[in-house]
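These notes concern the structure reproduced below.
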Amino acid sequence: IGALLGLPFQAPIGEHVGRITDLPDAQDRYVAHLESVVPHRLDGLRLVVDCANGAASTVGPTAYRLAGAEVIELHNVPDGLNINENCGSTHMGDLRAAVTEHGADLGLAHDGDADRCLAVDANGDLIDGDQILAILAIAMRDAGTLRSDTVVATVMSNLGFRIAMDVAGIGFVATAVGDRYVLEEMREHDYSLGGEQSGHVIVSDFATTGDGVLTGLLLGAQMAVTGESLAQLAAVMTKLPQVLINVSGVDRAASKTDPQLLERVAAAQADLGDQGRVLLRPSGTEPVVRVMVEAPTAAMAHQVAEDLASAVATFIPLD
6 IGALLGLPFQ APIGEHVGRI TDLPDAQDRY VAHLESVVPH RLDGLRLVVD CANGAASTVG
66 PTAYRLAGAE VIELHNVPDG LNINENCGST HMGDLRAAVT EHGADLGLAH DGDADRCLAV
126 DANGDLIDGD QILAILAIAM RDAGTLRSDT VVATVMSNLG FRIAMDVAGI GFVATAVGDR
186 YVLEEMREHD YSLGGEQSGH VIVSDFATTG DGVLTGLLLG AQMAVTGESL AQLAAVMTKL
246 PQVLINVSGV DRAASKTDPQ LLERVAAAQA DLGDQGRVLL RPSGTEPVVR VMVEAPTAAM
306 AHQVAEDLAS AVATFIPLD
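Count along the sequence shown from 1, then add 5; that gives the number in this note's numbering.
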């Protein structure tokens, strides 16, 4: 392959490269699709939406208003450079402040390409992807649209989510981290709902990828249907304190095979029992091993995570 890459080849240039398709009604068609699939209007809801100066800047507020919500917009003036800049689903501070300032019922935060949605309740508290997924799973189960009564998420989903699904009688399937793996599992077994803690939510009856605006509409619709606040809906699950430590300068592959390290991991899990969880995962995108611990208290989670991070650094250093 390397040799072939070094050979000269005739590449297309100018007007022969790519193609342009003009769809002036694309936004209208997309919003009409969203309006057709949302099960209930959002009349009476006041929401703040952080558009991340990205793809949701026009379509998000338009869709929420057409669904009946009163909408207050944040970070909705993209200039090609300010996308995700101190805003959106990775910087929730402005949204949390705006929700309480305006007395809103909820806040919705998208990322630059609008495939994610995180939320804020009326108290300004963060509602993450696990909680959103739990709310939607129960809503879809009750509506008879949660196929096989099963939801797909990743190994990083909070143990509280798994417990909540078990209590609700909903099956849980865990995949590797990444929405592509969630989608693959959904397609293979014809599941209708999956997602990640980061706010990627896939509702396969309506979309083939995460759609943050659709997620926001479905979340608002569930509030409208039940008459419950977002905080009340999110109370279906109790998040366990979760600590994540990235350990660099170690042999990522050995994190799955080193006997001394595996023994320490097993001992930590045994100590936590069914009240917590330990996960060691070599990152697929960074030269680190991720140590994740969930426990009944934050102090316990920190202690166990720090002990295991030290063990990782001790037992599998890079030569």
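Using N, Cα and C, we set each Cβ at its ideal position, and we do this for glycine too.
Residue of the options minimising C-alpha distance to residue i
i      : options                           : result
CYS56  : THR67, ASP256 and ASP48           : THR67
HIS107 : ALA258, SER253, ASN128 and ILE132 : ASN128
PRO246 : HIS194, LEU277, ARG286 and VAL252 : LEU277
TYR186 : VAL64, ALA173 and VAL160          : VAL160
GLY49  : ALA37, ARG70 and VAL42            : ARG70
VAL125 : VAL270, ILE250, ARG51 and VAL42   : ARG51
ASN251 : GLY7, VAL293, THR319 and ARG152   : VAL293
ARG286 : ASP133, ILE207, VAL270 and SER41  : VAL270
LEU249 : GLN237, SER209, ALA314 and SER197 : ALA314
LEU151 : SER62, GLN280, MET191 and ILE132  : MET191
LEU47  : SER253, LEU238, ALA229 and PHE320 : ALA229
ASP154 : GLY176, ASP133 and ASP27          : GLY176
Spatial distance of residue i from residue j (CA atoms)
i      : j      : result
PRO83  : SER94  : 16 Å
GLN275 : ASP312 : Sequence check: residue 275 is Ala here, not Gln. Spanning the two alpha carbons is a distance of roughly 15 Å.
ASN58  : THR262 : 44 Å
VAL76  : ALA306 : 39 Å
LEU138 : ASN163 : 11 Å
ALA60  : LEU222 : 16 Å
HIS45  : ASP120 : 21 Å
ALA272 : THR302 : 18 Å
ALA102 : LEU39  : 28 Å
ALA142 : ASP110 : 21 Å
GLU268 : LEU284 : 13 Å
THR290 : GLU189 : 19 Å
SER234 : ASP135 : 17 Å
VAL296 : GLN265 : 16 Å
ASP99  : LEU113 : 11 Å
LEU12  : ILE18  : 18 Å
VAL104 : GLY174 : 33 Å
THR214 : ILE88  : 21 Å
ALA158 : THR180 : 6 Å
GLY183 : GLY217 : 16 Å
VAL156 : PHE211 : 16 Å
PRO29  : LEU131 : 36 Å
ALA300 : VAL178 : 21 Å
Start-to-end residues for the alpha helix (DSSP H) that takes in residue i
i      : result
THR220 : 217 to 231
ILE143 : 134 to 148
GLN265 : 264 to 277
LEU111 : Counting along the chain, LEU111 falls outside any alpha helix (DSSP H), though it belongs to the beta strand (DSSP E) covering 111 to 114.
SER62  : 61 to 71
Opposing strand residues paired with residue i [DSSP bridges]
i      : result
ILE168 : Beta-bridge pairing links ILE168 to no other residue.
THR180 : THR159
GLU190 : Answer by DSSP bridge pairing: none, since GLU190 is not bridged.
HIS205 : ARG121
GLN247 : GLU299
SER253 : VAL293
Element boundaries [beta strand (DSSP E), containing residue i]
i      : result
LEU39  : Where LEU39 is concerned, there is no enclosing beta strand (DSSP E), although the alpha helix (DSSP H) it sits in stretches over 31 to 42.
ARG51  : 51 to 55
GLN287 : The sequence shown places Pro at residue 287, rather than the Gln named in the question. 282 to 287 is the extent of the beta strand (DSSP E) around PRO287.
GLY199 : 198 to 200
GLU90  : Taken as a continuous stretch (DSSP letters only), GLU90 belongs to no beta strand (DSSP E), as it is neither H nor E.
GLU75  : 75 to 79
- prompt: Counting pairs of Cβ atoms below 8 Å between the segment 236 to 250 and the segment 161 to 176, do you hit three or more?
  reply: Taking a cut-off of 8 Å on C-beta distances, the segment 236 to 250 touches the segment 161 to 176, as three or more cross pairs fall below it.
query: Should the segment 198 to 212 be regarded as contacting the segment 22 to 33, the criterion being three or more beta carbon pairs within less than 8 Å?
result: no
message: For the pair the segment 249 to 258 and the segment 220 to 240, tell me if three or more CB-CB distances fall below 8 Å.
response: Contact between the segment 249 to 258 and the segment 220 to 240 is absent, because fewer than three Cβ pairs lie under 8 Å.
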